[in-house]
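Single-structure report; data block below.
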Amino acid sequence: MIRLFVGFDQREAVAYHSFCQSVLDHASVPVYFIPLAKQVLSGFDGQRDGSNAFIYSRFLIPALCDFSGHAIFADGDMIMKSDIAELWALRDHYMAVQVVKHDYKTKHPVKYLGAKNEDYPRKNWSSLMIWNCASFINRQLSPQAIQGMTNSQLHRFDWIPDDRIGDLPPEWNHLVMESNPNPDAKLLHYTIGTPCFPDYSQCPQSNEWHRAHERVNEPTSRL
6 MIRLFVGFDQ REAVAYHSFC QSVLDHASVP VYFIPLAKQV LSGFDGQRDG
56 SNAFIYSRFL IPALCDFSGH AIFADGDMIM KSDIAELWAL RDHYMAVQVV
106 KHDYKTKHPV KYLGAKNEDY PRKNWSSLMI WNCASFINRQ LSPQAIQGMT
156 NSQLHRFDWI PDDRIGDLPP EWNHLVMESN PNPDAKLLHY TIGTPCFPDY
206 SQCPQSNEWH RAHERVNEPT SRL
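Following this note's numbering, the numbering of the sequence shown begins with 6 at its first residue and continues without gaps.
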C-alpha cells in the first residue's frame with residue numbers, strides 16, 4: 006500500500022479532493038490517503054509565516070510514519086495523470102528524499118489569493134517528495150526540531166547532504182504557468198493558482214483539473 010500525504014488547506018479544499026480523485030482514477034494499487042490538515046496535527050504550528058496551511062507540516066511525515074518505510078508527499082494543488090505506482094517504483098533506499106530539482110525564476114510575483122511568490126533556492130523541490138522515512142538522516146525531524154527550523158532550512162533540505170537528495174524526472178512535478186505546457190507530464194502542479202479560483206480557471210492545462218473536479222461531482226451531475 007502506498008502512503009500518500011496530501012497538503013490540505015480549507016481555502017482550497019476542492020483542490021485536495023480533485024487531486025485525490027485524479028490519483029484514484031489512475032491507480033493500480035491501494036493508496037492510503039492522509040490529509041495534512043492543521044486541525045488534526047494538535048500542537049503543531051504548520052503555518053507560521055502565513056503561507057499555505059501545510060507549509061511546515063510536510064516535514065512531519067517521517068515522524069508520522071514512525072521513521073519507517075517510504076511515503077509520498079504532494080501539494081494539494083496538483084492533478085495526477087499517471088499511475089502513482091510508477092512514481093512509487095522510483096524509490097531509492099539510499100536517498101533520504103527524492104524530488105524534482107526545479108531550477109527557475111518565477112514569471113508570477115503574485116499568486117493565488119494575492120500571496121507573494123518570491124524566488125529562492127530549490128523553489129518547489131518540496132512540493133512533491135518521496136520520503137525515505139527510515140533514513141537515519143531524517144530522524145532529526147522531530148516535531149520540536151521542525152518548529153525550531155526556518156522556512157529556508159526546511160525547504161532547502163539543509164539537514165540532508167546533497168548526495169542524499171535524489172532526482173525525480175521533471176514530468177512528475179510539472180509547474181503549470183511556469184513551464185511550457187507538457188502534454189506528457191505525469192503530474193501537473195498548479196503552483197500559481199488552482200483552476201478552482203476564477204483568475205486561473207482557464208490557465209494552461211486547466212482542462213485536466215476540471216475533468217478531475219467533474220469526476221468528484223459525477224453522481225450529482227447526473228441528477
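Yeah, the Cβ is synthetic: ideal placement off N, Cα and C, and Gly gets one too.
Can you tell which of the options has its C-alpha closest to the C-alpha of residue i?
i, options, result
"I39", "S33, S62, D30", "S62"
"D80", "I197, P224, E219", "I197"
"T166", "I60, A101, L92, H75", "One detail in the question is off: residue 166 reads as Pro in this sequence, not Thr. Residue A101 is the option with its Cα nearest to P166."
"P35", "I7, P174, V105", "I7"
"E219", "R16, R96, F24", "F24"
"A68", "N137, K191, P224", "N137"
"E91", "C208, E223, L173", "L173"
"N178", "V105, V11, G12", "V105"
"G155", "L46, F64, Q15", "As written in the sequence, residue 155 is Thr, which differs from the Gly given in the question. It is F64."
May I have the straight-line CA-CA distance separating residue i from residue j, to the nearest angstrom?
i, j, result
"M85", "L133", "12 angstroms"
"H22", "H98", "30 angstroms"
"F162", "Y205", "30 angstroms"
"E183", "Q210", "12 angstroms"
"V115", "N185", "19 angstroms"
"S147", "F202", "35 angstroms"
"W130", "L29", "24 angstroms"
"H194", "W93", "18 angstroms"
"L41", "M83", "15 angstroms"
"A150", "P224", "45 angstroms"
"T111", "C208", "16 angstroms"
"A120", "H113", "11 angstroms"
"H107", "L180", "9 angstroms"
"Q152", "I60", "12 angstroms"
"S87", "Q15", "26 angstroms"
"S73", "Y109", "33 angstroms"
Quick one: residues in its chain with C-beta nearer than 6 angstroms to the C-beta of residue i, no 5 flanking neighbours on either side, listed in chain order?
i, result
"Q26", "A217, R220, V221"
"I77", "L9, I135"
"G171", "D97, M100, Q103"
"W164", "Q145"
"L159", "F64"
"E123", "none"
How should residue i be labelled, buried or exposed, when 16 other C-beta atoms within 10 angstroms of its C-beta is the threshold for buried?
i, result
"E17", "buried"
"K128", "buried"
"L118", "exposed"
"A20", "buried"
"N143", "buried"
"V45", "exposed"
"F141", "exposed"
"G12", "buried"
"D71", "exposed"
Apart from the five residues on each side of it in sequence, which residues of its chain come closer than 7 angstroms, Cβ to Cβ, to residue i?
i, result
"H75", "R96, I135, W136, N137, C138"
"H233", "Shown here, the chain extends from 6 to 228; a query on residue 233 therefore has no answer."
"I66", "F10, A76, F78, W136, C138"
"Y125", "S157"
For residue i, which residues from the same chain have a beta carbon less than 8 angstroms from its beta carbon, with the 5 sequence-adjacent residues on both sides left out?
i, result
"G176", "Note that residue 176 corresponds to Glu in the displayed sequence, not to Gly. So the qualifying residues of the chain are N187, D189, A190, K191, L192."
"S89", "According to the sequence shown, residue 89 is Ile rather than Ser. Excluding sequence neighbours, I89 sits near I7, L9, V28, H31, A32, V34, V36, I77."
"N212", "none"
"R169", "Y99, M100, A101, V102, S140, I142"
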